[in-house]
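Under the numbering used here, the first residue of the sequence shown carries the number 357, and numbering increases by one thereafter. Even for Gly, the Cβ is constructed at its ideal location relative to N, Cα and C. A short write-up of the structure that comes next.
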Amino acid sequence: MSDLLTRVDSDETWRRATFPACRDHIFMAHAAVTAIPQPAVDVMNDFNIATSTGNLDYSEVLLKQMDEVRKSGACLLECDSDEVALLGPTSLGLSLVANGVDWQAGDEIITYLDDYPANVYPWKKLEEKGVNVVFLRPERVGEITPELVSTAITPRTKMLALASNNFLSGYRLDIEAASALASEHNILFCLDAIQTVGAFPTDAKLVDFLSADSHKWMLGPMAAGLFYVKKSRFETLQPTLIGAWNVKCPNFIANDQIEFEPGGRRYEPGVLNSQGLVGMKNSMDMLTEIGINRVAERLLDLKAHLLEGLDFMGFHAIGPRTGINASGITSFTHLEQPQRIPALFQALGENRVVASFRHSRDGIPYIRLSPHFYNTHAEIDRLLSLMDKAET
């Protein structure tokens, strides 16, 4: 098989066949909801046809095929497959952590109010149990530094609940440094990793809990995702959703005692989104074949090209441009005339550019661009040309 990343730039016919969104769009919204590659669509369609024709062996799917999905997820997360549960959306995994840990009144959770709300509300709800939610207050959007986290830690801190990458600014968390702080202070570490898994290396072994749906950088469908729990934390995190799938019941007969299935399956209460998960596996395998480090390099290369054009046109992009905190997300506004941004976003949409429109807490409008590895420099040039025409 030829190198997929090289083929993106050398074989436009293949690129458009494999990534149909490229045919008549410039798709740069992977930080929102991805455009699913055709191979993943094909395996999901095959699954549906098998269900409609009576040719699906459900025991084969639920046992063997789903174990293969776990293995693919473990490759992406750099962990053991028995530490992976197949759950989506991201908020489900985060809520399992919030509800499954034994909290005591006065315990503290360190998190960030301007993360995506899925990583805020599960912790905020714990205030009803007397848990104190400590919100980090960075100088710039999403800039969660090790120093900022360190100063927030107290003897009552029980958990860090952070995002691997801010959804607006694209500030990528130094997961290794945060992990070191958690270990030093014997604190649990829960990571909302939806904005890095599939785009940048995300080593699950550095955290205790991780949740990520596949519908962004993993190039998968919605409500199919990965939930990681470190083996040593299985007893710390008690399953709070109980069903016939995660509790042992031989021959579908309930036992007197609740005995959970081993590994990550203990967090899967019922029938899985098997159709979505086979699609997720197909895309995960594609990303693993390329290599996540190479994907990350590609994203930063595309980002540099974008920034060069945005700077030339006088726009203001937020977030790191290079280094360990830079990511594939580029959000920009116009400092002197922010009112131009909504009209520009509409004009881009009318020209088949798929981007995202977001606001900061203080009301500043941003256009967010989030290309993936299959996007090209030629597409960025076309995007910048469309922006220039829309502005004149």
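Where do the N-terminal and C-terminal ends of the alpha helix (DSSP H) with residue i fall, by residue?
| i | result |
| --- | --- |
| K427 | 422-433 |
| T409 | 394-409 |
| L547 | Premise fails: L547 lies in the beta strand (DSSP E), 544-548, not in any alpha helix (DSSP H). |
| T507 | 502-508 |
| R363 | 360-366 |
| R738 | 733-747 |
Along the chain, where does the beta strand (DSSP E) containing residue i start, and where does it finish?
| i | result |
| --- | --- |
| E464 | 464-467 |
| H715 | 712-715 |
| A673 | 672-674 |
| I723 | 721-725 |
| S588 | From DSSP, S588 is part of no beta strand (DSSP E); its letter is neither H nor E. |
| S520 | Premise fails: S520 is in no beta strand (DSSP E) and is neither H nor E. |
So, is residue i buried or exposed, given that buried needs 16 or more other C-beta atoms within 10 angstroms?
| i | result |
| --- | --- |
| N611 | exposed |
| S366 | exposed |
| K514 | buried |
| T409 | exposed |
| W479 | buried |
| I598 | exposed |
| V627 | exposed |
| T510 | exposed |
| F383 | buried |
| F523 | buried |
| Q631 | buried |
| N731 | buried |
| H733 | exposed |
| A673 | buried |
| S428 | buried |
| I500 | buried |
| G679 | exposed |
| D564 | buried |
| G705 | exposed |
| N681 | buried |
| Q551 | buried |
| Y414 | exposed |
Going by the DSSP bridge assignment, what does residue i pair with across the sheet?
| i | result |
| --- | --- |
| A568 | L582 |
| A373 | According to DSSP, which records beta bridges pairwise, A373 is partnered with nothing at all. |
| Y527 | In DSSP, Y527 forms no bridge with anything. |
| M640 | M640 is not bridged to any residue. |
| S535 | Answer by DSSP bridge pairing: none, since S535 is not bridged. |
| F383 | V710 |
| T689 | H672 |
| T390 | T390 pairs with nothing; no bridge assigned. |
| F491 | T467 |
| T678 | Answer is none; T678 lacks a bridge partner. |
| T513 | E464 |
| F616 | V603 |
If you measure from the CB of residue i, is any heavy atom of the ligand SAM nearer than 6 Å?
| i | result |
| --- | --- |
| G498 | With respect to the ligand SAM, the structure shown offers nothing to examine, as it has no ligands at all. |
- Is there contact between the stretch 433-443 and the stretch 454-468, where contact requires at least three CB pairs shorter than 8 Å? no
- At a cut of 8 Å, does the stretch 658-669 reach the stretch 630-639 through at least three beta carbon pairs? no
- Message: Quick check: the stretch 687-696 against the stretch 715-723, are at least 3 beta-carbon pairs closer than 8 Å?
- Response: yes
- Item | 3-residue-minimum beta strand (DSSP E) runs that sit fully inside the stretch 438-487, ordered along the chain | 440-442, 464-467
- Taking 8 Å as the threshold, find out whether the stretch 544-561 comes into contact with the stretch 710-717 through three or more Cβ pairs. no
- Spell out a yes or no on whether the stretch 642-659 and the stretch 422-438 are touching, meaning 3 or more CB-CB pairs, one atom from each, closer than 8 Å. yes
- Any 3 or more C-beta pairs closer than 8 Å across the stretch 570-584 and the stretch 599-608: no
- Message: Across the stretch 532-548 and the stretch 411-426, are there enough close Cβ pairs to call them in contact, namely three or more that are closer than 8 Å?
- Response: no
- Query: Quick check: the stretch 448-468 against the stretch 515-535, are there 3 or more CB pairs under 8 Å?
  - Reply: yes
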